[in-house]
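Asker: So that we are looking at the same thing, I have put the structure below in structure tokens.
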Amino acid sequence: MVRKLLCLTGILLSLALPRPAAAQVTFYVGGDGEKSFIIEGDDIGARSEVELAIVYDTQNLANPKVSVEQGVVTDVSDSSGTLIVKAEQGEDSTATFTVHLTFENKGVLPAQLFSVTGRIVEPDGTPVATKTLPASNPPLLQSFSRDEDATGGETGMSTYLADILRSERNVLQRFRNFKGKKGLTSYVALFDRMPGEGFVQDPPVALSDGQMSIRVLCTLDGAEMSAPDDIAVSDAKLVRLEKGDRKGWVVTVLPNPGAWDSSLIVKVNDKIFEFPLVVAPRVKVRKDLSDLEFLAELDRFNPELANLNKGEPIQYRHALLDYVFTANYLAGRQDTEGKAPTGE
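Residue numbers -23 to -1, 1 to 321, in mature numbering (1 follows the signal peptide of the UniProt record, and there is no 0), belong to the letters of the sequence shown in order.
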């Protein structure tokens, strides 16, 4: 899927995410001028109710004005820097739902949206899982340019427009879309790596305990890939960038504690690639389970994380629990002496 990137003060990245039926909707946030912003969401069901809670910089912004494309605004309220926008998607569910925000600029510093949180309810009352990219600020995304120090650095990206190409390897989304029979074999198969992605993660499954880092080998343009123009991470900390021994570049990141939806974003030759990291919170899971024991342990495991992702539709919470359990099972079976990717 090809979309356009809108970037505010060098930090706001938009990432294209095709949404299967009844799957998660992602809201993309970007700058639309000096004192304007744009929020977009794809594949929202016809006549669905959409609510956005937008926290903005009251030191530099005031008097927000709201307009909506492919929908109708039903209510707007503003209280102490929190703007609540309620709207309804139009009749065409394939049209991009777009909110335009325009403010009066009362400060001298670059203005920001600190956070955007979405809520969607379909006409039959079914809630739809949502996600916002970027998710929160500060910082919205940690990033650095190759012109800066590449070890633990955090700098802004320059504002630009670029085509976005997205890796399809999102294991959590596979669990959400899975319609087959639950079991050890079928769940493990959901972690299989797609060929030709241009990314290799080591370890293949990581646990977000605040200590386990991930090294990702990037070979997007083959062995002679030049250094990335920009790199950003979502729900993780960027640690370093280094040249692979024989090909590509290796990016080291540290997922935030408890993360399960971290991503690596790389800009190469004016193209943006997102690589969803395979990461899950650490929980106690035996690594020597048989097929029958796997299902039995999974049933007993669910109540342990009953509050995980609370507020999401029940089917997505169950999918997340199954994903976390299977990820910990696989992580326990990984060769801890395995070699990290070096570009060999």
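The C-beta atom is built at its ideal place from N, Cα and C for all residues, glycine as well.
(1) So, for V105: in the same chain, excluding its five sequence neighbours on each side, which residues have a beta-carbon less than 8 Å away from its beta-carbon?
(2) Our contact map puts V227 next to R192 with C-beta atoms below 8 Å; I'd like the distance itself, whole angstroms only.
(3) Just the C-alpha distance for G175 and F250, rounded to the nearest angstrom, thanks.
(4) Should N305 and L184 be called a contact, given that it needs their Cβ atoms to be closer than 8 Å?
(5) Excluding the 5 residues preceding and the 5 following T107 in the sequence, name in chain order all residues of the same chain whose CB lies nearer than 7 Å to its CB.
(6) Quick one: residues in its chain with C-beta nearer than 6 Å to the C-beta of residue 322, no 5 flanking neighbours on either side, listed in chain order?
(7) If you count every other CB in all the chains shown that lies within 10 Å of the CB of N147, and 16 or more means buried, which is it?
(8) For T73, tell me which candidate among F91, T59, I16 has the shortest Cα-Cα distance.
(9) So, helix, strand or coil for G95, using DSSP?
(10) Does DSSP put F271 in a helix, a strand or coil?
(11) Enumerate in chain order the residues of its own chain whose CB-to-CB distance from A236 is below 7 Å, with the five nearest sequence positions on each side excluded.
(12) Return the Cβ separation of F80 and P41 in integer angstroms, given the expectation that the two are a contact with Cβ distance under 8 Å.
(13) In whole angstroms, give me the CA-to-CA distance for V43 and V53.
(14) Unbroken alpha helix (DSSP H) runs of length 4 or more, entirely within the segment 162 to 240: which are they?
(15) Assign V45 to buried or exposed, taking buried as 16 or more other Cβ atoms, counted over all protein chains shown, within 10 Å of its Cβ.
(16) Residues in its own chain within less than 6 Å of S163 by CB, not counting five upstream and five downstream?
(17) Is L254 near S240, with beta carbons less than 8 Å apart?
(18) Distance, Cα to Cα, N233 vs G102?
(19) How many angstroms separate the CA atom of S13 from the CA atom of K224?
(20) Between the Cα of T35 and the Cα atoms of L231, T59, A296, G48, which residue gives the shortest distance?
(21) Since I21 is in the beta strand (DSSP E), which residue starts that stretch and which ends it?
(22) Indicate the three-state DSSP secondary structure (helix, strand or coil) for F152 in the structure shown.
(23) Taking just the CA atoms, how far does L167 sit from G309?
(24) How about V49 and E28: do their beta carbons lie closer than 8 Å?
(25) Helix or strand or just coil, what does DSSP make of S305?
(26) In terms of residues, what are the limits of the beta strand (DSSP E) holding D55?
(27) DSSP on Q89, reduced to helix/strand/coil?
(28) Which value, in whole angstroms, describes the spacing of the CA atoms of T229 and T71?
(29) Are G67 and Q47 closer than 8 Å when you measure CB to CB?
(30) Identify the residues that DSSP records as bridge partners of L78: which are they?
(31) Assign Q66 to one of three DSSP states: helix, strand, or coil.
(32) Comparing C-alpha positions only, which one of I208, V6, A296 sits nearest to F109?
(33) Return helix, strand or coil for A257, following the three-state DSSP convention.
Answerer: Based on what the coordinates show:
(1) A(-2), Q1, V2, I21, G22, S25, I97, V98, E99, P290
(2) 5 Å
(3) 10 Å
(4) yes
(5) Q1, V2, F4, G95, R96, I97
(6) Lying outside -23 to 321, the shown extent of the chain, residue 322 is not represented and no answer is given.
(7) buried
(8) I16
(9) strand
(10) In the structure shown, F271 sits in a helix (DSSP, three-state: H, G or I).
(11) S185, D212, A213, V256
(12) Contact flag correct, Cβ pair sits at about 5 Å.
(13) 8 Å
(14) none
(15) buried
(16) G157
(17) yes
(18) Answer to the nearest angstrom: the Cα atoms are 33 Å apart.
(19) 42 Å
(20) If we check each option's Cα against that of T35, T59 comes out closest.
(21) Here I21 belongs to no beta strand (DSSP E), and DSSP marks it neither H nor E.
(22) helix
(23) 17 Å
(24) Judged by their CB atoms, V49 and E28 are not nearer to each other than the 8 Å cut-off.
(25) For the sequence presented, residue 305 should be read as Asn rather than Ser. Helix, per DSSP.
(26) 48 to 56
(27) coil
(28) 37 Å
(29) yes
(30) F14, V43
(31) In this structure, Q66 counts as strand in the three-state DSSP scheme.
(32) Note on residue identity: the sequence assigns Thr, not Phe, to residue 109. The option with the nearest alpha carbon to T109 is V6.
(33) strand
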